[in-house]
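*Asks:* Residue 83 is where the sequence shown starts when you use the working numbering, and the numbers rise one by one after that. Just dropping this structure here.
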Amino acid sequence: MDEERILRDFLGDHPDAAQLREWIGTLRDRLARLTEEARRASGEPPAALEAQIKKLKRQIAALEEEAAITQFVQDSVRVTLAMGAASEGGGEEE
Numbered sequence: 083m084d085e086e087r088i089l090r091d092f093l094g095d096h097p098d099a100a101q102l103r104e105w106i107g108t109l110r111d112r113l114a115r116l117t118e119e120a121r122r123a124s125g126e127p128p129a130a131l132e133a134q135i136k137k138l139k140r141q142i143a144a145l146e147e148e149a150a151i152t153q154f155v156q157d158s159v160r161v162t163l164a165m166g167a168a169s170e171g172g173g174e175e176e
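As structure tokens, then:
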């Protein structure tokens, strides 16, 4: 079984760290557009726009945390697989 398949099986229905980073990028782009819209608003930006900006910031922070945890898990699985492969190969040299 190859490494990527094992990782996919381990993560199940959860997205991998790369997918989470893509989502973060998409949300950051949207945040930039909304922030620019708020900046251009004459006077005080509408409350609904400010609420959307705050919500996006919270979502980005949550996804960043999830991406970091998922990356750690993926790295741990890779290390475990590498250690297993090394220990299997180590017994062959006598």
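Each residue gets a CB set at the ideal place from its N, CA and C atoms; glycine is no exception.
Any idea if residue 149 is buried or exposed, counting beta-carbon neighbours within 10 angstroms, 16 or more meaning buried?
*Replies:* Here residue 149 is taken as the residue at index 67 of the sequence shown, counted from 1. By the 10 Å Cβ count, residue 149 comes out buried.
*Asks:* Less than 7 angstroms between C-beta atoms, sequence neighbours within five positions excluded: which residues of the same chain meet that for residue 146?
*Replies:* Counted from its first residue, the sequence shown places residue 146 at position 64. Same-chain partners within the cutoff: 106.
*Asks:* For my contact list, residue 89 and residue 98 are in at a C-beta cut-off of 8 angstroms; report their separation, rounded to the angstrom.
*Replies:* Here residue 89 is taken as the residue at index 7 of the sequence shown, counted from 1. Here residue 98 is taken as the residue at index 16 of the sequence shown, counted from 1. Correct: roughly 7 angstroms between the Cβ atoms.
*Asks:* Distance, Cα to Cα, residue 185 vs residue 115?
*Replies:* The chain is shown from 83 up to 176; residue 185 falls before or after that span and cannot be answered.
*Asks:* Return the CA-CA distance between residue 84 and residue 102, expressed in angstroms with no decimal places.
*Replies:* As a first step, residue 84 must be located in the sequence shown, where it is residue number 2. As a first step, residue 102 must be located in the sequence shown, where it is residue number 20. For residue 84 and residue 102, the distance between alpha carbons rounds to 22 angstroms.
*Asks:* Could you check if residue 137 is buried or exposed, using at least 16 other CB atoms within 10 Å of its CB as the buried criterion?
*Replies:* Counting from one through the sequence shown, the residue named residue 137 turns up at place 55. Residue 137 should be labelled exposed.
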